[in-house]
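**Student:**
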Amino acid sequence: MKKLLAFLLALIMLISLVGCAKGSEGKKASAPPDETAPSQTEEETPPPAATAEAVVSEIVGTIDEDVDHFARPAYKFVYAHYDNNLLEQQMYDAFVDIAPVYNFELTRMSGDTDDETYVTNLQTLIDRGDVDGFIIETTNSVQNAVLSLLEESGIPYINLFTEYYDAEGRVITPTVGLPQYQSGYDSLKYLTDNYKEYWGDVDTNEIGLITIDFSVSPALNERIIGIEDAFKEAFPGNENIFYNDSFAAGQSAWFTLEGGYDPTAQTIGSHPEVKYWMVASCLENYSQGAARAADDLGRNDTMLITTVGHPMLEQEWDNGYDGAWKCAIAISNYAYATPTVLGLIALCDGRATAETLWPQFKGESDECAIWLADYAVVTKDTYRDYLNSMDEKYGPK
C-alpha cells in the first residue's frame, strides 16, 4: 500500500509532464546490477573532459558524421532501465553489439519496476564517480528525481523512448523515440486499409474498435488518439469505438497481459451487435493479452490486432503464431541504440550540448530535440526483411 500511494502521489504531481510508462512485474532490488560488457582495466586512463567546441549541425551525433572514436579512451556508459521486459534485454544486447564499434563500455542498471529502487540505484552509480554518460529509460513518475540527480552530477545523458517536458510543455531532455501520434495512426491504418483481405467485403457498421491506453502517460495517450483518428477517417459515422484505460483498471492491469485480455474479452461479450473487431493498444503487452483473448474466444477469424512495438510479436511469429495479431509498428533495436550512443558520445566529447544536438528534430519552442527513430508497419511476411534492412543501416559494421 505504501508503494502504491507513493506512486499515485508522484503521478498527481507530474500529471502535466510526460513519460512513456512501460513495464513488467518485478521484485524490488537493493543495489544496481553490475553486468558489464566489456570491462576496462584499472591501469587505463579515464576519458579526459571534452574540450571540443559544440556546434549546431545536423550530422553531429549521427551515422553520417566522421569521428575517430578510438582517439580517446573508452567511455563508460550505463543503460539505466526501469523495467526488465524483453525489450530491455534486446536493447542491452544491441548496445553491447555496437560497443566495440564506437569505443564504449556498458553497464546496465534496473529499477525492477519500482520508483524508489530506480532512484536509489541511479544515485549509487553517480556517487561511484566513474560513469561518463547515462542512457535513461524511465517512467514519468520519477522524472523530477532523475532530473535533479543528473543535473547535479553534470553527467551527460540521453533519454530513451521517453522525453521529459517542463510545466510549459517544452521538451527538456535529448531523447531518442517515436512520433507518438503518427505511429499510433499508422498502426491502425494498416488494418483499415487491408481488412477486406481478412474479412472480405463486410458491412462496416458491424466493425468495432477496442483501444487500450495508459492514460497518465501523455506520450502513450497520443498513440491512442492517432489510432482512433485513423478509425474515424476510415469509417465515418461509425461510433463503435470502445476506449479502455489500463491505469484506471488498477495496478494488476498496468503493462500486463491481463491489462489487454480483460477489456478485450469484456467488451466483445458486452456488444454482440459488433461482428468484427479491431484491437489496438499503446503497448504490445496489451495487444498480446488481446491476442490471448482472441484465442480463448475462438475469434481469430473476426478480430484484427495491432500495436506500437514489435519484440513480443516478433517472438510469437518466430514460434509459428498465426492468429489475430496481424501487424505492429516495428523499430529495429539498432535504430534506437546507434543514434542514442552517437548522441551521447557527442555530448561527452563536447561536440554538442543537450540544446544543440540534432537541431533537425528540435521543436520551435523546445529546449532539446527528440530523434525520431525509423519505423514501419510490419506483418508476418515482411518483418524479417525490414528488420534486417535496419540492422544493415544502423547495426555494427
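Numbering (the working numbering), first residue to last: 1 to 397. Cβ atoms here follow ideal geometry from the backbone N, Cα and C, with glycine treated the same way.
For residue 388, count the other beta carbons within 10 Å of its own beta carbon; 16 or more makes it buried, fewer makes it exposed. Which is it?
**Tutor:** Residue 388 is exposed by the Cβ-count criterion.
**Student:** Under the rule that 16 or more other beta-carbon atoms within 10 Å means buried, what is residue 236, buried or exposed?
**Tutor:** So residue 236 counts as exposed.
**Student:** Counting along the chain, where does the beta strand (DSSP E) carrying residue 281 start and finish?
**Tutor:** Here the beta strand (DSSP E) through residue 281 covers 276-281.
**Student:** Report the three-state DSSP secondary structure of residue 168 (helix, strand or coil).
**Tutor:** Residue 168: coil per DSSP, three-state reduction.
**Student:** Going by beta carbon distance, what residues of the same chain come within less than 6 Å of residue 136, once the five residues before and after it are set aside?
**Tutor:** Excluding positions up to five away in sequence, the list reads 80, 157 and 159.
**Student:** Could you check the C-alpha separation between residue 346 and residue 175 for me, to the nearest Å?
**Tutor:** Each residue's alpha carbon lies about 13 Å from the other.
**Student:** Output the distance between the C-alpha atoms of residue 392 and residue 386, rounded to the nearest integer angstrom.
**Tutor:** Taking the straight line joining both Cα atoms gives about 10 Å.
**Student:** On the three-state DSSP scale, how would you describe residue 119?
**Tutor:** Three-state DSSP puts residue 119 in a helix.
**Student:** I need the boundaries of the alpha helix (DSSP H) containing residue 151, first residue and last residue.
**Tutor:** Start and end: 143-153.
**Student:** Which parts of the segment 45-117 are runs of the alpha helix (DSSP H), unbroken and 4 residues or longer, counting only runs that do not cross its ends?
**Tutor:** Here the runs fully enclosed are 86-102.
**Student:** Could you check how far apart the C-beta atoms of residue 353 and residue 328 are, in whole angstroms? I think they sit under 8 Å.
**Tutor:** Rounded, the Cβ-Cβ distance is 35 Å, inconsistent with contact.
**Student:** Alpha carbon to alpha carbon, how far is residue 113 from residue 318?
**Tutor:** Roughly 27 Å separates the two Cα atoms.
**Student:** Under the assumption that residue 288 contacts residue 86 (Cβ atoms under 8 Å), give the Cβ distance between them as a whole number of angstroms.
**Tutor:** At roughly 10 Å, the Cβ-Cβ gap does not stay under 8 Å, so residue 288 and residue 86 are not in contact.
**Student:** Between residue 215 and residue 247, how many whole angstroms is the CB-CB distance? I'm expecting something under 8 Å.
**Tutor:** With 8 Å as the limit, residue 215 and residue 247 qualify as a contact, their Cβ atoms being about 5 Å apart.
**Student:** Thinking just about the alpha-carbon of each residue, which of 268, 376 and 368 is nearest to the one in residue 335?
**Tutor:** Ranking 268, 376 and 368 by Cα distance to residue 335 puts 376 first.
**Student:** Starting from the Cα of residue 326, find the closest Cα among 303, 226, 224 and 365 and give me that residue.
**Tutor:** When each option's Cα is compared against that of residue 326, the closest is 303.
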